[in-house]
Each structure stands twice: as structure tokens, then as C-alpha cells.
Amino acid sequence: MIGALILLFSVSAQAQAPAPKAVGSVVRSKEWVIRRSPHREEEFVGEVSYRKGPSLLTSDWALFKHEPQTWKARGRVRLRHELESGDRVEVSGETADFDQKSGNGVLLGPQGVPVSYSRTPLEGEPDLGTARRLEWEGQERIRLIGDVKVWGPRLAVQGDRADYEAKDGRLAVTGGRPVVQVLQGDWTGAVQGDTVTALQRPDRLHADGKTRGWIKFKEKPGGKR
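196 is the number that this note's numbering gives to position 196 of the sequence shown; each next residue is one higher, with no gaps.
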């Protein structure tokens, strides 16, 4: 279950911007403008879409600067990603900036409106979430900042910030006395503390500071837990 929680946060950085040589051939839009002076850049206007494998990125407008290899996207920015399981993950906002060299980027919603994301299984209701800002460093680190909330049939999360480390499969939720609830799986439970950490390997929750919570294990055949 913790793996599903971590996946909800991590998948948004899996779609990378196209390499410079691919610009203009894999990106589609109503208008495409190339400028060579004073610096080479490509502008895409109207119904912009970029597809790479199971990922689709769309927006109203996008600009690629060949040097320093940066992307800007504006207007109804949305990333859709289909997992091998068939589950669909979607992240949406209003503006996005991406540095192709470093792999770092940021996604923001309209003023006063949070970034939204969802994970929808092939069968069943989706898990939904919001935050004021989403940042990523390649595929290694993801940060959700500001009034982070997740709700759905499988899990619930609330805090001021969520930091994901891909290498360790670690998600730390901090600020505002964060709460993490696991609602489905071999066990269910809820933990509140100053920091709540979800670990994918092993599958567990950990809380620091003034903590409280509960956990319930499913009974195995024969009445064993």
C-alpha cells in the first residue's frame, strides 16, 4: 500500500521534455515559430501536445530555448501518464518550467488555485490530491509544497509539504501536524506527528515528534494476524 502512496507522488516527473533534435517533429501545435536571432528558440501556440511513450503533455503555449535548453509551458498544463498496471496518473496546473540540462522543473496552478493530481485504477474510484506547488529534480526528488492534501478510497494525506526521494523510496510529510492514513491493504492505519515518513522498502509508516495513531492488521485464515 505504501508503494501506491509513493507512486502517486513520484510519477509526475517521469515524462521528460524532448531532446533538442526532436523539437518540431514530436511536438504538435496550431502554430510553430522558429527564431534564430538573437538566440535560437521555438514557440508552439495553440493546442500544444507532446507524447512520449505512455506520457502525454498538453498546454496552450510552450517555448523551447535551445540555449540554455529550457522549456516554458503556459495555459492548462496537463501531464497524463499510463502505468504498466493500466492505472492512469494525471497532474495539471497553469504554468510549468523545465531545465532540460539539469532535469529540474516546477509546476504551478493559477493564482490562488492549487496544482491537482489523480491516480485512477482500471477498476474503482481515483485517489485525488492538491498542492500549491510541485517541484522535481530529474526523477530523483519530488516536492509538493503548500497545503498538501490527498484523499480517496486507498489513502489520505494532509500536511504543509511532501518530499519524495526515489533512491530510498521515501516520502516525508511535514508541517501543520501531518497525517497519513492507509485505508486499504494487508493493514490499515493512521499516523500523525511532526514528521510522517512512508517507506516503500520495507512497507511501513514512521512518525517523529509528538505522535499518535492506530493500526489494524487483517486476520489471516484460521484467525491469525
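Beta carbons: idealized from backbone N, C-alpha and C, even for Gly.
Taking just the CA atoms, how far does residue j sit from residue i?
i, j, result
"A62", "V48", "7 angstroms"
"W136", "P68", "18 angstroms"
"G103", "R35", "24 angstroms"
"G124", "W151", "14 angstroms"
"Y164", "L171", "4 angstroms"
"G75", "R143", "22 angstroms"
"G159", "V33", "43 angstroms"
"Q111", "D127", "24 angstroms"
"L57", "V27", "9 angstroms"
"L108", "V115", "6 angstroms"
"F217", "P153", "17 angstroms"
"R244", "G46", "This structure leaves residue 244 out entirely; the chain is present only between 1 and 225."
"L122", "T130", "22 angstroms"
"V113", "A156", "20 angstroms"
"G24", "R119", "Since pLDDT at G24 reaches only 39, below the 50 mark, its modelled position is unreliable, and the value read off the structure follows with that caveat. Approximately 30 angstroms between the Cα atoms of the pair."
"T188", "R212", "15 angstroms"
"S312", "G86", "Nothing can be reported for residue 312, as the shown portion of the chain is limited to 1 through 225."
"K30", "V182", "44 angstroms"
"R141", "Y117", "17 angstroms"
"A166", "Q139", "7 angstroms"
"E84", "P178", "31 angstroms"
"G185", "R133", "29 angstroms"
"K101", "V180", "35 angstroms"
I'd like the list of long-range same chain contacts for residue i, defined as Cβ closer than 7 angstroms, with 5 residues on each side in sequence excluded.
i, result
"F72", "The amino acid at residue 72 is misidentified as Phe; the sequence shows Lys. Answer for K72: A62, L63 and D97, listed in chain order."
"E41", "R35, L63, F64, K65 and H66"
"Y50", "P18, V26, V27 and L57"
"W214", "G189 and A190"
Return the bridge partner residues of residue i from the DSSP annotation.
i, result
"K52", "S55"
"G213", "V191"
"L107", "A96 and L134"
"L122", "Partner(s): none; L122 has no beta bridge."
"E43", "V33 and L63"
"D208", "T195"
"E219", "None; E219 has no bridge partner."
"A172", "D163 and T197"
"R72", "The residue you asked about is not Arg; residue 72 is Lys in the sequence shown. Answer is L63 and D97, bridged to K72."
Residues in the same chain with beta-carbon distance under 6 angstroms from residue i, minus the five sequence neighbours each way, listed in chain order, please.
i, result
"V77", "S59, G93 and A96"
"A207", "V191, G193 and V196"
"E82", "P54 and R88"
"T70", "D99"
"E43", "V33 and L63"
"V106", "D97 and E135"
"K21", "Residue confidence for K21 is low, a pLDDT of 44 falling below 50, so the modelled location carries little weight and cannot support an answer."
Is any beta-carbon of chain C found at less than 8 angstroms from that of residue i?
i, result
"E135", "Protein chains in the displayed structure number just one, and chain C is not present."
Got a sec? Which residues, its chain only, sit under 8 angstroms from residue i by beta carbon, not counting five neighbours each side?
i, result
"K210", "G193 and D194"
"R161", "R143, L144, I145, G146, V148, V173, T174 and G175"
"H39", "K65, H66 and E67"
Cβ of residue i within 7 angstroms of any heavy atom in the ligand FAD?
i, result
"K101", "In terms of ligand content, the structure shown is empty, and the ligand FAD therefore cannot be addressed."
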